[in-house]
Amino acid sequence: MSLSEDILRKEDLRSHLFGETWRNLIPEVFRDVPTYYDRGNAVASLGSCSWWSNTFAAAIHKHLPPGSKVLDVCSGTHDIPLRLLTLDPTLDIHTVDGSPHMTAEGQRRARERNLTIHAQVCDAHVLPFEDNSFDAVTLQFASRHLEIVKVFREIHRVLKPGGIFCHNDMLRPSSRVVEIPYLAFLRFSVWFTALLFGSSAESKKCVRYFADAIHHFYQPRELTEVLEGIGFTDVENDSFLTGVMSYHISRKPAA
Ligand SMILES: C[S@@+](CC[C@H](N)C(=O)[O-])C[C@H]1O[C@@H](n2cnc3c(N)ncnc32)[C@H](O)[C@@H]1O
Numbered sequence: 348m349s350l351s352e353d354i355l356r357k358e359d360l361r362s363h364l365f366g367e368t369w370r371n372l373i374p375e376v377f378r379d380v381p382t383y384y385d386r387g388n389a390v391a392s393l394g395s396c397s398w399w400s401n402t403f404a405a406a407i408h409k410h411l412p413p414g415s416k417v418l419d420v421c422s423g424t425h426d427i428p429l430r431l432l433t434l435d436p437t438l439d440i441h442t443v444d445g446s447p448h449m450t451a452e453g454q455r456r457a458r459e460r461n462l463t464i465h466a467q468v469c470d471a472h473v474l475p476f477e478d479n480s481f482d483a484v485t486l487q488f489a490s491r492h493l494e495i496v497k498v499f500r501e502i503h504r505v506l507k508p509g510g511i512f513c514h515n516d517m518l519r520p521s522s523r524v525v526e527i528p529y530l531a532f533l534r535f536s537v538w539f540t541a542l543l544f545g546s547s548a549e550s551k552k553c554v555r556y557f558a559d560a561i562h563h564f565y566q567p568r569e570l571t572e573v574l575e576g577i578g579f580t581d582v583e584n585d586s587f588l589t590g591v592m593s594y595h596i597s598r599k600p601a602a
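Printed below as a string of structure tokens:
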């Protein structure tokens, strides 16, 4: 399967609308948020974030034999690695993230729990790993800030044949009845969170961006199409409120 014209057009539009924000503002936002990130996420996800991430981690865990080598892309404060290591301490977990500040907070949390996570700071669009390196790659709550076709191709490259790609994010709800009030709520809550936690001027400039990025993002069915167009198979998808939160687990075909 290849990527449809609709998907390629949408990727071009996302890069055109948000490319400058991704390059210039997002790194500044993630300099600002490590200390209040969990609370901000809880508000933005209608309180479902932690419960849904646990559901996602449990679904990943079912596919992972002990000792699996896992890469978490855009790992931030290591939310998914910490959940997975709680379920199976034998996992060998590596991470990449563009923010030294989010990574430092994640490493602090890992040390606090006596856990080892191998972290690197780099851009997710060019992964610093050999082809066929990992049994699983995870990516949570970051795709809206990425050129996902480029990043998903990189993930496909570094996965071993038969390896799994586990993706979780706030997608565009497929129901307009959900999308319209949800995005209105998000605009208000991001503005309120920025005010409450005294966010930087850069974070305040992103208040509209967060809701706009979801409006121009993929619905759960479209994300399945992106994955299949890149070459992943056996796509498993589960969503909360038609995409407010949605995870996909897919496989790189065995050689
Ligand atoms: C909303 S946080 C999610 C963190 C974590 N995955 C989680 O579930 O809590 C998004 C993360 O993506 C990272 N990020 C955004 N754009 C990136 C890029 N181009 N390359 C690498 N990391 C990036 C940010 O630094 C931030 O830590």
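Our numbering numbers the first residue of the sequence shown as 348 and each following residue consecutively. We treat Cβ as the ideally placed atom computed from N, Cα and C, and that holds for glycine.
Excluding residues up to 5 positions away in sequence, Thr540 lie with their Cβ nearer than 6 Å to the Cβ of Gly387 in the same chain.
Non-local beta-carbon contacts of Ile427 in its own chain, meaning distances under 6 Å to residues more than five positions away in sequence, involve Asp419, Thr485, Gln487 in chain order.
Shown here for Ser446: same chain residues with a beta carbon closer than 6 Å to its own, the five before and five after excluded, namely Phe377 in chain order. Taking C-alpha positions only, Val498 is separated from Phe476 by approximately 13 Å.
Judged by DSSP in its simplified three-state form, Gly510 adopts strand. Only residues of its own chain outside the window of five on either side were considered, and among them none has a CB closer than 6 Å to the CB of Asp385. Beta-carbon to beta-carbon, Val505 and Ser480 are separated by about 5 Å, close enough to satisfy the 8 Å threshold. At a cut-off of 6 Å, the beta-carbon of Ala471 counts as near ligand 1: some heavy atom of the ligand is closer than that. Per DSSP, the unbroken alpha helix (DSSP H) holding Val525 starts and ends at 523-543. Burial is judged here by how many other beta carbons sit within 10 angstroms of a residue's own beta carbon; Arg568 has fewer than 16 and is exposed. Every unbroken stretch of the beta strand (DSSP E) spanning 3 or more residues and falling wholly within the region 460-499 is given here in chain order: 465-468, 481-487. Contact annotation: Ile440 and Ile407 have beta-carbon atoms that are not nearer than 7 Å. Contact holds between the region 590-598 and the region 552-571, because three or more Cβ pairs, one in each stretch, are under 8 Å apart.
Listed as beta-bridge partners of Val417 by DSSP are Ile440, Ala483. When Val537, Tyr383, Arg430 are compared, the shortest CA-CA separation from Glu452 is found for Tyr383. Rounded to the nearest whole angstrom, the C-alpha separation of Val390 and Ser362 is 27 Å. Between Ala466 and Gln454, the gap from beta carbon to beta carbon is short of 7 Å.
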